[in-house]
Amino acid sequence: MLQLDNFDNSSDHTGLIKEFSNQASAGIQGKHTISTQISEMVSEVVALLSAHRYIEAEYRLYSAFDNFSHEQFLLEILLPIEIQIGDLWHRNTVNVFTEHAATAFLRQQLDKLLASLLVPLDAPLVLCACGPGEFHELGMLSLVYFLRSAKLNALYLGANLPAGDLMIAIETLKPAAVCLAATISSTALKLIYMLYQLSEKKREEPLVIGYGGRFFNFLPETQRAMLPGLYLGEDAKIGSKVILDNLGLQAKKQV
Ligand code: B12
Numbered sequence: 062m063l064q065l066d067n068f069d070n071s072s073d074h075t076g077l078i079k080e081f082s083n084q085a086s087a088g089i090q091g092k093h094t095i096s097t098q099i100s101e102m103v104s105e106v107v108a109l110l111s112a113h114r115y116i117e118a119e120y121r122l123y124s125a126f127d128n129f130s131h132e133q134f135l136l137e138i139l140l141p142i143e144i145q146i147g148d149l150w151h152r153n154t155v156n157v158f159t160e161h162a163a164t165a166f167l168r169q170q171l172d173k174l175l176a177s178l179l180v181p182l183d184a185p186l187v188l189c190a191c192g193p194g195e196f197h198e199l200g201m202l203s204l205v206y207f208l209r210s211a212k213l214n215a216l217y218l219g220a221n222l223p224a225g226d227l228m229i230a231i232e233t234l235k236p237a238a239v240c241l242a243a244t245i246s247s248t249a250l251k252l253i254y255m256l257y258q259l260s261e262k263k264r265e266e267p268l269v270i271g272y273g274g275r276f277f278n279f280l281p282e283t284q285r286a287m288l289p290g291l292y293l294g295e296d297a298k299i300g301s302k303v304i305l306d307n308l309g310l311q312a313k314k315q316v
């Protein structure tokens, strides 16, 4: 395993990039299994981010971006790192600024990934947001990734989106679909209220209204069935397929 003490903040890091690339290739060629290599990398990056060693964390992830598929990079590397940092914060092992800085760092990596997914100019617009008060963003950001992979123009409006602003966004941007997420019960209640507001509004163009997230995954099917809008399924990949089906589109292969 790579030792954190091997890093030298002051020196030229091109050697490090080479070292990490070599390690990644060596692992792929069988020195470690890929899953061992990934979980070691995740632990190392979590340790680096907890120690505020962002540049080194960036070098550690640099080779992974090229050596793994983008889906693997997201689901097996970026998300587990954020979950582990979040768990450390929940256990008071790291403080708020450490969690915020790590989250901002991981968002930059995710933005890099999303920016690599170009969609056609006429792709249907799908607005994605976390409801009022909701700050758990990773499920929704994963949905944005899968929608963009399927060539839909998924636009992330952020965490904690007030209902009024969503209404203005819908009137201004005229999306084909809206996807909303909630993780905890207090924010889910606000989101359900938003679903009612959205479904009662008369509009000229059709609008697919979907929702998902941890809270709804635990809600019994009988109760979900009573809610307005479309439950998009228990994970983001399924959610993107439900949206595609409801827009009458097939996932197109990435060029
Ligand atoms: C990271 C994290 C945070 C981060 C979030 C950072 C960020 N920018 O996202 C921070 C530190 C901000 C945070 C804050 C809090 N958190 Co927190 N957090 C977590 C943690 C560690 C990981 C959650 C996560 O991102 N998972 C990864 C994603 C990918 O999983 P997911 O959200 O479940 O999404 C999957 C599915 O649900 C689904 N999905 C999700 N959204 C959507 C949307 C659509 C449309 C679809 C189709 C699917 C879908 O797809 C995903 C898989 O593909 C969990 C514990 C854990 N180990 O899971 C606690 C956890 C979720 N948090 C919890 C709590 C209580 C809180 C706080 C209230 C703590 C506090 N005292 O303040 C606050 C609430 C803040 C708020 N108002 O939102 C509890 C929730 C318990 C509950 N009642 O359900 C958990 C379970 C921790 C615990 N064991 O108690 N948290």
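Letter by letter, the sequence shown follows residues 62 to 316 in the numbering used here. Backbone N, C-alpha and C define an ideal beta-carbon position, used for all residues, glycine too.
query: Thinking just about the alpha-carbon of each residue, which of Ala190, Arg275, Gly194 and Asn128 is nearest to the one in Pro236?
result: Mapped onto the sequence shown, residue 236 falls at position 175. Closest option to Pro236, Cα to Cα, is Ala190.
message: Rounding to the nearest angstrom, what Cα-Cα distance links Glu105 and Val155 in this structure?
response: By one-based count along the sequence shown, residue 105 stands at place 44. By one-based count along the sequence shown, residue 155 stands at place 94. So the alpha carbons of these two residues sit roughly 16 Å apart.
message: Are there any heavy atoms of the ligand B12 lying less than 8 Å away from the beta-carbon of Glu119, as far as the coordinates show?
response: Within the sequence shown, residue 119 is the residue found at index 58, counting from 1. No, the beta carbon of Glu119 sits no closer than 8 Å to any heavy atom of the ligand B12.
9 Å Cβ cutoff met for Ala184 and Asn214: Counted from its first residue, the sequence shown places residue 184 at position 123. Counted from its first residue, the sequence shown places residue 214 at position 153. Yes, Cβ-Cβ distance for Ala184 and Asn214 is below 9 Å.
message: Taking only three categories from DSSP, how would you classify Ile144?
response: Counted from its first residue, the sequence shown places residue 144 at position 83. Ile144 falls in the helix class under three-state DSSP.
field: First through last residue of the beta strand (DSSP E) which encompasses Ala242
entry: On the sequence shown, position 181 is the one that residue 242 refers to. Note, Ala242: beta strand (DSSP E), Ala238 to Ala242.
message: Rounded to the nearest angstrom, what separates Leu179 and Gln170 at their Cα positions?
response: Taking the sequence shown and counting its residues from 1, the one referred to as residue 179 is at position 118. Taking the sequence shown and counting its residues from 1, the one referred to as residue 170 is at position 109. Rounded to whole angstroms, the gap between the alpha carbons of Leu179 and Gln170 is 16 Å.
query: Where are the alpha helix (DSSP H) runs, 4 residues long or more, that stay fully inside the stretch 160-210, in chain order?
result: Runs found: 199-210.
query: Is the stretch 283-292 close to the stretch 191-201, with three or more CB pairs under 8 Å?
result: no
message: Give me the residue from Ile304, Phe207 and Ile146 with the minimum Cα distance to Ala162.
response: Stepping through the sequence shown from its first residue, residue 162 is reached at position 101. For Ala162, the nearest C-alpha among the options comes from Ile146.
- prompt: His197: beta carbon under 8 Å from a heavy atom of the ligand B12?
  reply: On the sequence shown, position 136 is the one that residue 197 refers to. True, at least one ligand heavy atom lies under 8 Å from that Cβ.
message: Is the beta carbon of Leu174 closer than 9 Å to that of His131?
response: Reading the sequence shown from its first residue, position 70 is the one you call residue 131. Reading the sequence shown from its first residue, position 113 is the one you call residue 174. Cβ atoms of His131 and Leu174: closer than 9 Å.
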